[in-house]
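Everything on this sheet refers to the single structure shown next.
2 protein chains.
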Amino acid sequence: MKRTDFKNCSCAMQRSMGILGTRWKPIIIYTLRDRKARFGQLDALIENISRKVLTSSLKELEEDGIILREEFKELPPRVEYALTEKGKALIPIMCQLAKWNEEYYKEEITI
Amino acid sequence: MKRTDFKNCSCAMQRSMGILGTRWKPIIIYTLRDRKARFGQLDALIENISRKVLTSSLKELEEDGIILREEFKELPPRVEYALTEKGKALIPIMCQLAKWNEEYYKEEITI
DNA sequence: TAAAGTAGTTACCTTTGCGTAACTATCAAA
DNA sequence: TTTGATAGTTACGCAAAGGTAACTACTTTA
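These protein sequence lines are chains A and B, in that order. Counting in this note's numbering, the final residue of the first sequence is number 111, and the numbers go up one at a time with none missing. Counting in this note's numbering, the final residue of the second sequence is number 1111, and the numbers go up one at a time with none missing.
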């Protein structure tokens, strides 16, 4: 089943996964939870992500209405990425996902 | 970066994605939110999933301590899959992810 | 004139995720 | 002896995801 097929499923969870079900996209959204950021900032803020993955993920997240790309006609050019309303609605969920891991990662160490 | 590398990152969100960052795994967890289920039941409950993906996903989720595989020495053999405590902690998050899509999917239709 | 900064793109390649279909093992019941 | 049910496994291959590195275009600054 292709990514686009997930987005038209009858199951809401499957549709969510058609949008978010990759390694990097939730991390990008999480990074934008409390700030706008420019391309280069995202590249620096997110450890180990490649510019190529960043390019394609941002493009798809924009297509899916999660992020907004704002281009400023300045020199040198400036582009800012920010969450849309639909994207902002994911912030608490992404934060819980991070917190979930902290909780159980801690346990693994202390046991 | 490999899946296993994600799990040892310094960022909690990246570690979460090392465990969950695929299309099918969150759907499997979501399906187990309110019931144990056998292999064949999962295959039937989750639309369009293949037995092969189910096999490998269940194995990895078990390795990551999200689900528990209970084998009954009966005939015909019975195996039940259930969430561990760590897995159960994801239930509200998965439910919110489904609800999130319902909300915005509805909007797309009515607009 | 050359370097530096921004925001990418492009080509090429590898790995992972996923799909399809056939096959296995075990025992009971018909 | 064949059929049926359960719970997978295996082989094969494609598509998507991801990594690396070089390149582009623009303008300011040195």
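We treat Cβ as the ideally placed atom computed from N, Cα and C, and that holds for glycine. Remember, predicted model here, so these are calculated numbers, not experimental data.
Review point. Run through DSSP, which three-state label would Leu1058(B) get?
Key: Within the second sequence, numbered from 1, the residue matching residue 1058(B) stands at position 58. Judged by DSSP in its simplified three-state form, Leu1058(B) adopts helix.
Identified DSSP bridge partners for Leu1083(B): Locating residue 1083(B) in the second sequence gives position 83, where the first residue counts as 1. According to DSSP, Leu1083(B) bridges with Ile1067(B).
query = Of the residues Lys1099(B), Ala1098(B) and Pro1092(B), which one's Cα is nearest the Cα of Leu97(A)?
reply = Against the first sequence, residue 97(A) aligns to sequence position 97. The shortest Cα separation from Leu97(A) among Lys1099(B), Ala1098(B) and Pro1092(B) belongs to Pro1092(B).
**Cβ of Lys1086(B) within 8 Å of any chain A Cβ** = Along the second sequence, one-based indexing puts residue 1086(B) at 86. Yes - at least one Cβ of chain A is within 8 Å of the one on Lys1086(B).
**OP:** Indicate the three-state DSSP secondary structure (helix, strand or coil) for Arg35(A) in the structure shown.
**Re:** As a position in the first sequence, residue 35(A) is number 35, starting the count at 1. Residue state, collapsed to three classes: coil.
Quiz item: The alpha helix (DSSP H) spanning Leu1090(B) covers which residue range?
Solution: As a working note, residue 1090(B) is residue 90 in the second sequence. First-last for Leu1090(B): undefined, no H or E at that position.
Check your understanding: Is the distance from the Cβ of Leu1054(B) to the Cβ of Asp1043(B) below 8 Å?
Key -> By 1-based counting over the second sequence, the position of residue 1054(B) is 54. By 1-based counting over the second sequence, the position of residue 1043(B) is 43. Yes, the Cβ-Cβ distance between Leu1054(B) and Asp1043(B) is below 8 Å.
Give the residues of chain A in contact with Ile1027(B), contact being defined as C-beta atoms less than 7 Å apart. One-based indexing of the second sequence puts residue 1027(B) at position 27. The answer, in chain order, is Met13, Gln14 and Met17.
_Quick check: is any heavy atom of the ligand NAD less than 7 Å from the C-beta of Thr1055(B)?_
Because no ligand of any kind appears in the structure shown, any question about the ligand NAD cannot be addressed here.
Do you know offhand how far Ala12(A)'s Cα is from Lys1099(B)'s? Your numbering for residue 12(A) matches position 12 in the first sequence. Your numbering for residue 1099(B) matches position 99 in the second sequence. Distance between the alpha carbons of Ala12(A) and Lys1099(B): 7 Å.
Fill in: Touch test, the stretch 14-32 of chain A against the stretch 68-78 of chain A, Cβ-Cβ under 8 Å, three pairs minimum
Two segments are said to touch when three or more pairs of C-beta atoms, one from each, lie closer than 8 Å; by this definition the stretch 14-32 of chain A does not touch the stretch 68-78 of chain A.
*In chain order, what residues of the same chain lie with their CB nearer than 8 Å to the CB of Glu1114(B), ignoring the 5 residues before and after it?*
The question about residue 1114(B) has no answer, for chain B in this structure spans 1001 to 1111.
Check whether chain B comes within 8 Å of Thr4(A), counting only Cβ atoms and requiring the distance to be less than that. Along the first sequence, read from residue 1 onward, the residue named residue 4(A) stands at position 4. Not one chain B Cβ lies under 8 Å of Thr4(A).
Q: Provide the residue span of the alpha helix (DSSP H) that contains Thr4(A), from first to last.
A: On the first sequence, position 4 is the one that residue 4(A) refers to. Per DSSP, Thr4(A) belongs to the alpha helix (DSSP H) from Arg3 to Phe6.
task = Take the Cβ of Ser56(A) as the centre, count every other Cβ of all protein chains shown within 10 Å, and call the residue buried at 16 or more, exposed below.
result = Taking the first residue of the first sequence as position 1, residue 56(A) is located at position 56. By the 10 Å Cβ count, Ser56(A) comes out exposed.
Could you list which residues in chain A have their beta carbon closer than 8 Å to that of Tyr1081(B), in chain order?
Residue 1081(B) sits at position 81 when you count from the first residue of the second sequence. Under the 8 Å cutoff, chain A gives no residues; its nearest Cβ is about 17 Å from Tyr1081(B).
Inset, instruction - Give the single residue among Glu1107(B), Asn1101(B), Met1094(B) and Glu1080(B) whose Cα lies nearest to the Cα of Gly1040(B). - result: Against the second sequence, residue 1040(B) aligns to sequence position 40. Minimum Cα distance to Gly1040(B) is reached at Glu1080(B).
What did DSSP end up calling Arg15(A) once you bin it into helix, strand or coil?
In the first sequence, counting from the first residue as 1, residue 15(A) sits at position 15. If DSSP states are grouped into helix, strand and coil, Arg15(A) belongs with the helices.
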